[in-house]
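Student: Below you'll find the structure I mean.
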Amino acid sequence: MATMNNLDTVEFDDESSVDDDLSDRKLRTCLTNLNINNIQCSSADILLECLIHQICRYVESDPTRQKQLFIVICDKLHELRLLGKSYRLDELQNLRERYMTILQNLILAAKCLVDNVDRSSGDQEETGPPLDVRIENLRSKLFDWSRYAHEFREMDFIARGGFGQVFRAHNILDDCDYAVKKICLKYQNVDTFVQSLREVQTLARLNHPNIVTYKAAWLEPFDSRKQHPLTQK
């Protein structure tokens, strides 16, 4: 292969937990189906970072001051061991934005539940799809967002190495084949995550005839329960 792309993917586990203090059992079941809490521990960090960022945007209109306030708050939470170190990784910004979108949609879905309860108490007919359907749609949106799935057609397994697996993939747009490395990252260890990112950044800068350089890299969510057969080799 003349070129290599690197695909960094995020792997989710299968555990699920929802706060038992939620009074509505139906909403609790729907949140369980969403699996918003079944991500590795630092994914909870990412969700917390999103909430802090939204608060900073609410209290400060200047983007520079928003960033400063965000860092100060996160630094303090990190000192108290309530937050990991991922908040200082700009490479995770696209994932934060994705999580924020899902969280906003979840809030809207929960609001619809409250509105439906109000309508039911007033003997008004409930409108729209059931909440469990809306929640499942939100969950699917988190994993269906995939540049790799939309732009490439996976062909063959090539080799293992360098933190991940390499596959031959055909780019639908330019009609060329590429070697694509997939690295499954779990955010329970930020240092290991940073080490993988540094490999991408280092190899992307190398220019040597014996080294296949990286031409592009990106992050995207990954559902381990829906692996393509080729990715299991």
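If you read the sequence shown in full-length UniProt numbering, its first letter stands for residue 1, the second for the next number, and so on. Quick reminder that beta carbons are idealized off the backbone N, C-alpha and C, glycines included.
Is ILE172 close to chain B, meaning its C-beta is less than 8 Å from at least one C-beta of that chain?
Tutor: Within the model displayed, chain B is absent; a lone protein chain is all it includes.
Student: Could you tell me which whole alpha helix (DSSP H) segments of length 4 or greater appear in the region 154-183?
Tutor: none
Student: Buried or exposed: GLU49, going by 16 or more other Cβ atoms within 10 Å of its Cβ?
Tutor: Per the 10 Å Cβ criterion, buried.
Student: Quick check on LEU80: buried or exposed, where buried means 16 or more other Cβ atoms within 10 Å of its Cβ?
Tutor: Under the 10 Å beta carbon count, LEU80 is surrounded by fewer than 16 other beta carbons and is classified as exposed.
Student: On the DSSP bridge list, what partners appear for GLU60?
Tutor: Note: GLU60 sits in no beta bridge, so no partner.
Student: Identify which residue in SER86, LEU185, ASP191 has its Cα closest to the Cα of LEU219.
Tutor: LEU185
Student: Assuming THR192 and ALA204 make a contact with CB atoms under 8 Å, what is their CB distance in whole Å?
Tutor: Contact flag wrong, Cβ pair sits at about 19 Å.
Student: Here's the rule I'm using: 16 or more other beta-carbon atoms within 10 Å means buried, otherwise exposed. How should ASP21 be labelled?
Tutor: At ASP21, the pLDDT of 41 sits below 50, so the modelled position is not reliable and the matter cannot be decided from this model.
Student: Are the CB atoms of LEU69 and LEU103 nearer to each other than 8 Å?
Tutor: no
Student: Drop a sphere of 10 angstroms on the beta-carbon of HIS53, count the other beta-carbons inside from all chains shown, and report buried for 16 or more, exposed for fewer.
Tutor: buried
Student: Alpha carbon to alpha carbon, what distance is there between LEU197 and ILE73?
Tutor: 25 Å
Student: Which residue comes first and which comes last in the alpha helix (DSSP H) that contains ARG147?
Tutor: It spans 147-151 - the alpha helix (DSSP H) in which ARG147 sits, taken as one unbroken run.
Student: For CYS56, count neighbouring C-beta atoms within 10 Å of its own C-beta (all shown protein chains included) and say buried if the count is 16 or more, exposed if not.
Tutor: Flag for CYS56 reads buried.
Student: With distances taken between CB atoms, is the gap from GLU155 to ARG168 smaller than 8 Å?
Tutor: The question names Glu, yet the displayed sequence has Met at residue 155. The Cβ atoms of MET155 and ARG168 lie closer than 8 Å to each other.
Student: Indicate the three-state DSSP secondary structure (helix, strand or coil) for LYS85 in the structure shown.
Tutor: coil
Student: Hey, GLU151 and ILE172: beta-carbon distance below 8 Å or not?
Tutor: Yes. Within cutoff.
Student: Count the other C-beta atoms from every protein chain shown that fall within 10 angstroms of the C-beta of LEU27, then say buried if there are 16 or more, exposed otherwise.
Tutor: Reliability fails at LEU27, whose pLDDT of 43 lies under 50, so the model's placement of it is uncertain and no value is given.
Student: Alpha carbon to alpha carbon, how far is SER43 from LEU77?
Tutor: 16 Å
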